[in-house]
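If you read the protein sequences in the order shown, they are chains C and X.
My numbering applies: residue 88 is where the first sequence begins, and numbers increase by one.
My numbering applies: residue 88 is where the second sequence begins, and numbers increase by one.
Note that beta-carbon positions come from the ideal geometry of N, C-alpha and C, so glycine has one too.
All values derive from a computational prediction rather than experimental measurement.
Number of protein chains: 2
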Amino acid sequence: MKIGILGGGHLAHYLARAAALFGLDVAIYDPDPQAMALRYTAHGFSASWDDAEALARFAEDCAWVTIEREQVPLVALRLLAERGVALRPGVDELDVLQDRLALKRKLDARLEVGRFRKVSVATDVLDAAQEFGFPVWLKARRGGYDGRAVVKVQRAADAQPALERLVDYGELYAEANVGALRELSVTVVRAANGDMRAYPVVEVVPRADMCHTVLCPAGIDEASAIRATEAARDAVVLLNGVGAYTTRLFELDANEVVVHKVMPRPHESGLYSLEGVITSQFENHLRALLGLPLGDVAQIAPATVSIALVGERDGAPNPNVLAEALQTEGVHVHWYGHPRALTGRRMGHINILGYSTDGAEKVGLYCLSRVHL
Amino acid sequence: MKIGILGGGHLAHYLARAAALFGLDVAIYDPDPQAMALRYTAHGFSASWDDAEALARFAEDCAWVTIEREQVPLVALRLLAERGVALRPGVDELDVLQDRLALKRKLDARLEVGRFRKVSVATDVLDAAQEFGFPVWLKARRGGYDGRAVVKVQRAADAQPALERLVDYGELYAEANVGALRELSVTVVRAANGDMRAYPVVEVVPRADMCHTVLCPAGIDEASAIRATEAARDAVVLLNGVGAYTTRLFELDANEVVVHKVMPRPHESGLYSLEGVITSQFENHLRALLGLPLGDVAQIAPATVSIALVGERDGAPNPNVLAEALQTEGVHVHWYGHPRALTGRRMGHINILGYSTDGAEKVGLYCLSRVHL
Numbered sequence: 088m089k090i091g092i093l094g095g096g097h098l099a100h101y102l103a104r105a106a107a108l109f110g111l112d113v114a115i116y117d118p119d120p121q122a123m124a125l126r127y128t129a130h131g132f133s134a135s136w137d138d139a140e141a142l143a144r145f146a147e148d149c150a151w152v153t154i155e156r157e158q159v160p161l162v163a164l165r166l167l168a169e170r171g172v173a174l175r176p177g178v179d180e181l182d183v184l185q186d187r188l189a190l191k192r193k194l195d196a197r198l199e200v201g202r203f204r205k206v207s208v209a210t211d212v213l214d215a216a217q218e219f220g221f222p223v224w225l226k227a228r229r230g231g232y233d234g235r236a237v238v239k240v241q242r243a244a245d246a247q248p249a250l251e252r253l254v255d256y257g258e259l260y261a262e263a264n265v266g267a268l269r270e271l272s273v274t275v276v277r278a279a280n281g282d283m284r285a286y287p288v289v290e291v292v293p294r295a296d297m298c299h300t301v302l303c304p305a306g307i308d309e310a311s312a313i314r315a316t317e318a319a320r321d322a323v324v325l326l327n328g329v330g331a332y333t334t335r336l337f338e339l340d341a342n343e344v345v346v347h348k349v350m351p352r353p354h355e356s357g358l359y360s361l362e363g364v365i366t367s368q369f370e371n372h373l374r375a376l377l378g379l380p381l382g383d384v385a386q387i388a389p390a391t392v393s394i395a396l397v398g399e400r401d402g403a404p405n406p407n408v409l410a411e412a413l414q415t416e417g418v419h420v421h422w423y424g425h426p427r428a429l430t431g432r433r434m435g436h437i438n439i440l441g442y443s444t445d446g447a448e449k450v451g452l453y454c455l456s457r458v459h460l
Numbered sequence: 088m089k090i091g092i093l094g095g096g097h098l099a100h101y102l103a104r105a106a107a108l109f110g111l112d113v114a115i116y117d118p119d120p121q122a123m124a125l126r127y128t129a130h131g132f133s134a135s136w137d138d139a140e141a142l143a144r145f146a147e148d149c150a151w152v153t154i155e156r157e158q159v160p161l162v163a164l165r166l167l168a169e170r171g172v173a174l175r176p177g178v179d180e181l182d183v184l185q186d187r188l189a190l191k192r193k194l195d196a197r198l199e200v201g202r203f204r205k206v207s208v209a210t211d212v213l214d215a216a217q218e219f220g221f222p223v224w225l226k227a228r229r230g231g232y233d234g235r236a237v238v239k240v241q242r243a244a245d246a247q248p249a250l251e252r253l254v255d256y257g258e259l260y261a262e263a264n265v266g267a268l269r270e271l272s273v274t275v276v277r278a279a280n281g282d283m284r285a286y287p288v289v290e291v292v293p294r295a296d297m298c299h300t301v302l303c304p305a306g307i308d309e310a311s312a313i314r315a316t317e318a319a320r321d322a323v324v325l326l327n328g329v330g331a332y333t334t335r336l337f338e339l340d341a342n343e344v345v346v347h348k349v350m351p352r353p354h355e356s357g358l359y360s361l362e363g364v365i366t367s368q369f370e371n372h373l374r375a376l377l378g379l380p381l382g383d384v385a386q387i388a389p390a391t392v393s394i395a396l397v398g399e400r401d402g403a404p405n406p407n408v409l410a411e412a413l414q415t416e417g418v419h420v421h422w423y424g425h426p427r428a429l430t431g432r433r434m435g436h437i438n439i440l441g442y443s444t445d446g447a448e449k450v451g452l453y454c455l456s457r458v459h460l
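(1) Indicate whether at least one CB of chain C lies closer than 9 Å to the CB of X/F109.
(2) Report the three-state DSSP secondary structure of X/D112 (helix, strand or coil).
(3) If contact means a Cβ-Cβ distance below 9 Å, which residues of the stretch 372-393 of chain X contact chain C?
(4) Given a cut-off of 9 Å, decide if X/A143 and X/S367 are closer than it, judged by their beta-carbon atoms.
(5) When Cβ atoms are compared, which residues of the stretch 124-135 of chain X fall closer than 7 Å to chain C?
(6) Just the Cα atoms here: how many angstroms apart are X/I154 and X/V113?
(7) Assuming contact is defined by CB atoms lying nearer than 9 Å, are C/G435 and C/H421 in contact in what I supplied?
(8) What residue range does the alpha helix (DSSP H) around X/I313 cover?
(9) X/S393 lies in the beta strand (DSSP E); which residues open and close that run?
(10) Buried or exposed for X/P351, please, with buried defined as at least 16 other CB atoms from any protein chain shown within 10 angstroms of its CB.
(11) Just tell me which of C/Y256, C/Y359 and C/D282 has its CA closest to the CA of C/C303.
(12) Quick one, which residues of the stretch 165-184 of chain C are near chain X if we go by CB-CB under 9 Å, in chain order?
(13) Pull up the DSSP beta-bridge partners for C/C303, would you.
(14) Three or more C-beta pairs under 8 Å: does that hold for the stretch 329-346 of chain X against the stretch 303-321 of chain X?
(15) Distance cutoff 9 Å, beta carbons only. Does C/H459 sit that close to anything in chain X?
(16) Please state if the CB of C/Y260 and the CB of C/A236 are separated by a distance shorter than 9 Å.
(17) Leaving out the 5 sequence neighbours to the left and right, which residues in its chain are closer than 6 Å to X/R269 when beta-carbon positions are compared?
(18) Touch check for the stretch 423-435 of chain C and the stretch 399-414 of chain C: three-plus C-beta pairs under 8 Å?
(19) Just mark C/Q185 as buried or exposed, buried being the case when its beta carbon has 16 or more other beta carbons within 10 Å.
(20) Chain C beta carbons: is any one of them nearer than 9 Å to that of X/L268?
(21) Just to confirm my understanding: we take C/P504, look at its own chain, exclude 5 residues before and 5 after, and list those with CB closer than 6 Å. What are they?
(22) Given that a residue counts as buried once 16 or more other Cβ atoms are within 10 Å of its Cβ, and exposed if not, what is X/T210?
(23) Run down chain X in chain order and give the residues with a C-beta less than 7 Å from the C-beta of C/L409.
(24) Suppose contacts are defined by Cβ-Cβ distances below 9 Å. Is C/G417 in contact with X/G382 by that definition?
(25) List the endpoints of the continuous alpha helix (DSSP H) containing X/H354.
(26) If you compare alpha carbons, which of C/A395, C/A375 and C/N371 is closest to C/A385?
(27) Name, please, each residue of chain C whose Cβ falls closer than 7 Å to the Cβ of X/E155.
(28) Using a threshold of 9 Å, state whether the C-beta atoms of X/L396 and X/V458 are closer than that.
(29) From this set, X/L361, X/A318, X/L455 and X/L108, which residue's C-alpha is nearest X/R197's C-alpha?
(30) Within the continuous alpha helix (DSSP H) that includes C/S443, where are the two ends?
(31) Taking just the CA atoms, how far does X/E199 sit from X/V183?
(32) Quick one, which of X/H425, X/V450 and X/R294 has its alpha-carbon nearest X/A412's?
(33) Among the residues of its own chain, which have a CB less than 7 Å from the CB of C/H347, if the five just before and after it don't count?
(34) Answer with buried or exposed for X/E262, where buried requires no fewer than 16 other C-beta atoms within 10 angstroms of its C-beta.
(35) Quick check on X/Y49 - is its C-beta less than 9 Å from some C-beta in chain C?
(36) The beta strand (DSSP E) spanning C/L225 covers which residue range?
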């Protein structure tokens, strides 16, 4: 049996590793011929997202095709759907997930997603500011991720310049600012028969819009954890998702939580599960796709911390990074093997298991202090 | 950086998985185009062991070439050595390791390996029996593994027929029978600078000459464990090994141990380490090759048991095996994806972590009772 993955980055690679545990063949498709996951399959394809012929060869004999990231252009999924390829998520599901406004509207039916409204011109933005108060977040409906296509509007004079900065992104909307105490993330895996398992609520500490440090479990009140988990479960059900779905949330005062976004896949905030949980998010995503029983989501240690290894300069990767990082015993090093280091690029990550998130994080920070990326 | 592996079975695949954690490219070479590890690399090569041109293409840009199994024909290593490819083990080391008698002679200098003597004709076998007592094990120096090229000589009349059965194997020798209580295995990983780490002593419960069940740690007296570990460390030093070396031993009465054989690689008896130890034998083998610091060999749980999934018939693999095996929570399933099931073929294995080997084994046996292989 063969599984196809659209996108060939490190998340695709971890999905492929999980598939290999079950003896499955894996086909990977990425327009970038240097995409790292292509190196670890005999069925790698590199062509544009609208190359119907290459997509057909890629999907040949695939029981399911899934995606590594929700930004995979819909044209690729549509071409595959026309050939009758089984897709998770499907075209219609991904269409909603790529449209921030449509997603918010869908979730708003049952979940707290914060206030938002569609905007087109400067007066709309000012209306939004009157309703929500400043600052307002101006966002593109489509094409945004990792902080892209987002502009903060601090005062009335910012409205028109903000609109102009996003002019290439099509339709826009405005979001109220929420005073978040913490950013949280919950991955829920859901089987086609409706069975669900929720991974622990983790705290995400972003840096430069990257999911930089993840603390599992999040050091939050039990009431917040329950609300976050319930919200993530509800989100997957509302979206009729099958597979691992990651919900990012903001924790507010008084144990309130607000859903920020939902992604139909294992996410960077779930990399800790590779060594930290009995069944990783990647393995459970596949189990759900294949109709296999979902696996145990218990933590292996009381705490796991995952820290990104971020490039600090442009150039050849430092060959000593691995050796230095590995000096710290028991730290699981993941190095993606990118041919070039770039400032701000995620070059790998480390997972640290321990008795407390605080202790594990300190081990990780000590380790990082010896690595020159 | 690229690593080459000669042999493309599941052990090669686990080496390749470890290499991918470090972002390394992996080239795999196996004459069998269906060898499972070939499916998970963009650099797979299938040609005969003496195809100099294919070997050259395989080894291009490889920092190191290692082997999956010690039966890889020396001709392949010689052809690579002629091209200046860095090999672990080297040609001379593997030459000794493939020759059971030469290996025993080498180890005999410092270790208890049992009594043995070279034999050629029936009277030699009878002389051995007179010295050791019946039964005597008649073995080929080369070409034997997993119980092949081994004949038990129970009485004088068996000597000539036994010699005739091994006539195609070249030179022979005889071994004394040892009254083993248990079979043990110890993997030691050794760096080029001499650093060593010994994995826990495990008990191997063979079935039909296959390493069927592995219990970690072995339920043996501390004195036996120390002697087994010391013997395994000494063996690697005597052989000047770099990488993971697996030493199989017999435990006798009174905490005595006898070295049975040594293999220059991670072995089936170390599959438990994939989930059971912080750094798997495969990862540490690579670390040693690459000159990286050796990783922590502490167990993740107090006990881990690994049980082979063995084909019970010939035919298409049972598609329900995975689903049924996965019903048992927390059991790590490894399924190699062989296109055909064969009676007696290792189709995969399960690793079970627990608080005791007894408990973990029972979980595994319960799981197996629900699987029809």
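In short, the structure shows the following:
(1) Contact of X/F109 with chain C is assigned, a C-beta pair being separated by under 9 Å.
(2) Here X/D112 sits in strand by DSSP.
(3) Across the stretch 372-393 of chain X, CB contacts with chain C closer than 9 Å involve R374, L377, G378, L379, P380, L381, G382, D383, A385, I387 and A388, in sequence order along the chain.
(4) For the pair X/S367 and X/A143, the CB atoms are not nearer than the 9 Å cut-off.
(5) The residues in question are L125, R126, Y127, T128, A129 and G131.
(6) For X/I154 and X/V113, the gap between their C-alpha atoms comes out near 13 Å.
(7) Taking 9 Å as the Cβ cut-off, C/G435 and C/H421 qualify as a contacting pair.
(8) Residue range E309 to L325 is occupied by the alpha helix (DSSP H) that includes X/I313.
(9) Unbroken beta strand (DSSP E) run through X/S393: A390 to V397.
(10) By the beta-carbon neighbour count (other beta carbons within 10 angstroms, threshold 16), X/P351 is buried.
(11) Of the candidates C/Y256, C/Y359 and C/D282, the one whose C-alpha sits nearest the C-alpha of C/C303 is C/Y359.
(12) Answer set for the stretch 165-184 of chain C: empty.
(13) C/C303 pairs with C/T391.
(14) By the C-beta criterion, the stretch 329-346 of chain X is judged to be in contact with the stretch 303-321 of chain X, since at least 3 inter-stretch pairs fall below 8 Å.
(15) Chain X contact via Cβ: absent.
(16) No. Outside cutoff.
(17) Only residues of its own chain outside the window of five on either side were considered, and among them E290 and E338 have a CB closer than 6 Å to the CB of X/R269, listed in chain order.
(18) At 8 Å Cβ cutoff, the stretches touch.
(19) Flag for C/Q185 reads buried.
(20) Chain C, which has no Cβ nearer than 9 Å to the Cβ of X/L268, makes this no.
(21) As displayed, chain C neither begins before 88 nor continues past 460, which places residue 504 of chain C out of reach and without an answer.
(22) Classification for X/T210: exposed.
(23) Those within 7 Å of C/L409 in chain X are F109 and L379.
(24) In this structure, C/G417 lies near X/G382, with their beta-carbon atoms less than 9 Å apart.
(25) Taken as a continuous stretch (DSSP letters only), X/H354 belongs to no alpha helix (DSSP H), as it is neither H nor E.
(26) The candidate whose alpha carbon is nearest that of C/A385 is C/N371.
(27) Contact note: X/E155 does not reach chain C at a C-beta cutoff of 7 Å; the least C-beta distance is about 16 Å.
(28) Contact flag set, yes.
(29) It is X/A318 whose Cα lies nearest to the Cα of X/R197.
(30) For C/S443, there is no enclosing alpha helix (DSSP H), since its DSSP letter is neither H nor E.
(31) If I take the Cα positions, the gap works out to 18 Å.
(32) The residue with the shortest Cα to Cα distance from X/A412 is X/V450.
(33) These residues qualify, in order along the chain: R335, L336 and F337.
(34) It counts as buried.
(35) Outside the displayed range of chain X (88 to 460) lies residue 49 of chain X, so it cannot be described from this structure.
(36) Taken as a continuous stretch (DSSP letters only), the beta strand (DSSP E) holding C/L225 covers V223 to A227.
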